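J.:
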Amino acid sequence: MNSQCDATNSSIVLIGFMGSGKSSIGKRLARYLKFNYIDTDHCIEEKIERSISEFIQKDGEEKFRILESEVLKNLLGKEKLVLATGGGIILDPNNHRPLRQLGTIIWLHASTDKLFERAQRQSSRPLLEVEHPRHTFNLLLEERLSTYEKLSQIKIDTTHFSYEQTLEAMIKALRNFKIELT
Numbered sequence: 034m035n036s037q038c039d040a041t042n043s044s045i046v047l048i049g050f051m052g053s054g055k056s057s058i059g060k061r062l063a064r065y066l067k068f069n070y071i072d073t074d075h076c077i078e079e080k081i082e083r084s085i086s087e088f089i090q091k092d093g094e095e096k097f098r099i100l101e102s103e104v105l106k107n108l109l110g111k112e113k114l115v116l117a118t119g120g121g122i123i124l125d126p127n128n129h130r131p132l133r134q135l136g137t138i139i140w141l142h143a144s145t146d147k148l149f150e151r152a153q154r155q156s157s158r159p160l161l162e163v164e165h166p167r168h169t170f171n172l173l174l175e176e177r178l179s180t181y182e183k184l185s186q187i188k189i190d191t192t193h194f195s196y197e198q199t200l201e202a203m204i205k206a207l208r209n210f211k212i213e214l215t
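Our numbering applies: residue 34 is where the sequence shown begins, and numbers increase by one.
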């Protein structure tokens, strides 16, 4: 547990698998808290001037993960952020400390079926552009679950929640975590 959490000068970091709602919920939470919203994937796309999908297809996932780590490290020291991270940012153990240093880590998760259903709705899922997407999806999720669990201080199940219900659950959890909300 990150005991150095002071929400007046700390950030909220959202982790979770693709389809968990990090971007959609993150924007709403940032508005509610009057924090800045940052999506690591959008930062990377601005830097590379193309989609992540195109980048991974041409340059590979390994180079993408390096960029992801650079973006994360550039955010250290910034305050009052709601940060939506890419689902695989937790794969590099060197990212764990910066994630913790940024603030309170919330893991948004849902049932495997719900995550897959949501992920399929978006066309920009390069890791699912494979012959057997559901099998790949399940393998990737299984690979990451224990790390999401280990890193998070708050866990929110979004399976049956609307955006509003998820936001309410997050605010309640943050208050229970002894964080002052503005």
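The C-beta atom is built at its ideal place from N, Cα and C for all residues, glycine as well.
Because the structure is a prediction, the values reported are computed rather than measured.
Taking all protein chains shown into account, do 16 or more other C-beta atoms lie within 10 angstroms of the C-beta of residue 142, making it buried, or fewer, making it exposed?
T.: It is buried - the Cβ of residue 142 has at least 16 other Cβ atoms within 10 Å.
J.: Between which residues of its own chain and residue 187 is the CB-CB distance below 8 Å, once the five residues before and five after are set aside?
T.: Result list for residue 187: 137, 138, 139, 140, 203, 206, 207 and 210, in chain order.
J.: Here's a check: name, in chain order, each residue in its chain whose Cβ is nearer than 6 Å to the Cβ of residue 120, leaving out the five neighbours to either side.
T.: Closer than 6 Å at Cβ, skipping near neighbours: 50 and 51.
J.: At the level of alpha carbons, what is the spacing between residue 84 and residue 192?
T.: Using only the alpha carbons, I get a separation of about 28 Å.
J.: Once DSSP output is grouped into helix, strand and coil, what is the label at residue 59?
T.: Three-state result, residue 59: helix.
J.: Round the Cβ separation of residue 72 and residue 59 to the nearest angstrom and send it over; I've been treating them as touching at under 8 Å.
T.: With a Cβ gap of about 7 Å, residue 72 and residue 59 count as contacting.
J.: Among residues of its own chain, excluding the 5 on either side of residue 100, which ones have a beta-carbon nearer than 6 Å to its beta-carbon?
T.: So the qualifying residues of the chain are 77.
J.: Who does residue 117 pair with in a DSSP beta bridge?
T.: Answer is 47 and 72.
J.: Leaving out five residues before and five after residue 42 in sequence, what residues of the same chain have Cβ atoms less than 6 Å from its Cβ?
T.: For residue 42, the pLDDT reaches just 45, beneath the cut-off of 50, and the residue's location in the model is therefore unreliable, although a value from the coordinates is still provided. Counting only Cβ-Cβ distances below 6 Å, and skipping sequence neighbours, we find 112.
J.: Check the Cβ-Cβ distances between residue 196 and every residue of chain C, and say whether any is below 9 Å.
T.: Among the chains in the structure shown there is no chain C, since it carries only a single protein chain.
J.: For residue 175, which option in 200, 90 and 149 has the closest C-alpha, if you only look at C-alpha atoms?
T.: With distances taken between Cα atoms, residue 175 lies closest to 149.
J.: Which runs of the beta strand (DSSP E) fall wholly inside the stretch 117-187 and span at least 3 residues, in chain order?
T.: Within the stretch 117-187, the complete beta strand (DSSP E) runs of at least 3 residues are 136-142.
J.: Looking only at DSSP bridge pairs, what is residue 190 linked to?
T.: In the DSSP output, where bridge partners are listed per residue, residue 190 has 142.
J.: Check for me: the alpha helix (DSSP H) holding residue 102 runs from which residue to which?
T.: Taken as a continuous stretch (DSSP letters only), the alpha helix (DSSP H) holding residue 102 covers 94-108.
J.: Going along the chain, which residues of its own chain have a beta-carbon closer than 7 Å to the beta-carbon of residue 92, five neighbours each way excluded?
T.: Result list for residue 92: empty, nothing under 7 Å.
J.: For the putative contact between residue 125 and residue 102, defined by C-beta atoms under 8 Å, what is the C-beta separation to the nearest angstrom?
T.: Contact flag correct, Cβ pair sits at about 6 Å.
J.: Out of 45, 82, 133 and 88, which one is the CA nearest neighbour of residue 67?
T.: Nearest option by C-alpha distance: 45.
J.: Is the beta carbon of residue 115 less than 9 Å from the beta carbon of residue 181?
T.: No. Outside cutoff.
J.: Please go through the same chain and pick out, in chain order, the residues whose beta-carbon is closer than 8 Å to the beta-carbon of residue 185, but skip the five residues on each side of it.
T.: Closer than 8 Å at the Cβ level, and outside the excluded window around residue 185, lie 48, 138, 139 and 140.
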